[in-house]
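Below: one structure, written as structure tokens.
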Amino acid sequence: MANKTAPDSPPGSAGGTPTRRRSERSRRAILDASLALVGEVGYDKLTIEGIASRAGVGKQTIYRWWPSKAAVLLDAFTADVDEYSAQGLPDTGDLAADLKLVLRATADEFNDPAFQAPYRALAVAGANDAELSRAFVDRLLEPGIRVYVDRLRAAQEAGEVAADVDTRVAAEMLLSPFSQRWLMRTGELTYDYVDTLVDLVLRGLRPGS
Numbered sequence: 000m001a002n003k004t005a006p007d008s009p010p011g012s013a014g015g016t017p018t019r020r021r022s023e024r025s026r027r028a029i030l031d032a033s034l035a036l037v038g039e040v041g042y043d044k045l046t047i048e049g050i051a052s053r054a055g056v057g058k059q060t061i062y063r064w065w066p067s068k069a070a071v072l073l074d075a076f077t078a079d080v081d082e083y084s085a086q087g088l089p090d091t092g093d094l095a096a097d098l099k100l101v102l103r104a105t106a107d108e109f110n111d112p113a114f115q116a117p118y119r120a121l122a123v124a125g126a127n128d129a130e131l132s133r134a135f136v137d138r139l140l141e142p143g144i145r146v147y148v149d150r151l152r153a154a155q156e157a158g159e160v161a162a163d164v165d166t167r168v169a170a171e172m173l174l175s176p177f178s179q180r181w182l183m184r185t186g187e188l189t190y191d192y193v194d195t196l197v198d199l200v201l202r203g204l205r206p207g208s
């Protein structure tokens, strides 16, 4: 979910030396440990020492690659964002169907306890840490929004969306209610909710609406 590479992080294991492969295994163990622990103890009680103990490494190994627990957790949580951004959203020629497919899958992810714990922890921590908040936005939220903007622009070029629609605002119209419903626990993220949200938003984006 964003840049997998932490400062001075070891290269991937493929084709690397045994030392580099061990370093990559250690790095992966650290990232996995941070995700597991934040779900168990929460962000406030998450410590570098605890992560090191769970990962089976010394804490200096962690500090060699990351400056703080927030940096570790952010790397762990955003490890696949680059791949997701590169793939983009599906484009079958049916905008509504494509958006519903992706947002249904996103609802499944948001409803997964393994996802909820680190995401909520980062959101709460970011509310009190401007630097973490900026990193959270730059590395997770913005890449996620951009793939929707790109898909909406493609639909605009195909005549499915009115030419005067601001695709950035349109993407936020889809994602903001979804995120707020989940973050504030105002209701469940169901497929029916997702489908209704997409239908309502697209109703205002169609040519001649």
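Just so we're aligned: the sequence shown equals residues 0 to 208 in numbering that gives the first Met the number 0. Just so it is clear, CB atoms sit at the ideal spot from N, CA and C, and this is done for glycine as well.
Check	Outcome
E187 to G55 span [Cα, whole Å]	38 Å
Reference P112, options D74, D81, G41, closest by Cα	G41
Alpha-carbon to alpha-carbon, L36 and P176	29 Å
Residue range of the alpha helix (DSSP H) that includes A113	112 to 126
Integer Cβ distance of M172 from V200, believed to fall under 8 Å	5 Å
Own chain partners of L151 with C-beta closer than 7 Å, once the 5 adjacent residues on each side are dropped	V160, T166, A169, A170
For W64, the three-state DSSP class (helix, strand or coil)	helix
Alpha-carbon to alpha-carbon, V123 and P142	20 Å
At least three beta-carbon pairs within less than 8 Å, the segment 85 to 96 to the segment 52 to 68	no
Environment of A157 [buried if 16+ CB atoms lie within 10 Å]	exposed
Beta-carbon gap between G125 and F109 smaller than 8 Å	no
CB-CB length for V164 against L204, believed under 8 Å	5 Å
Candidates S25, A70, W181, of which the one nearest G57 by Cα	S25
Whole alpha helix (DSSP H) elements within the segment 25 to 76, 4-residue minimum	47 to 54, 58 to 64, 68 to 76
T195, DSSP secondary structure in three states	helix
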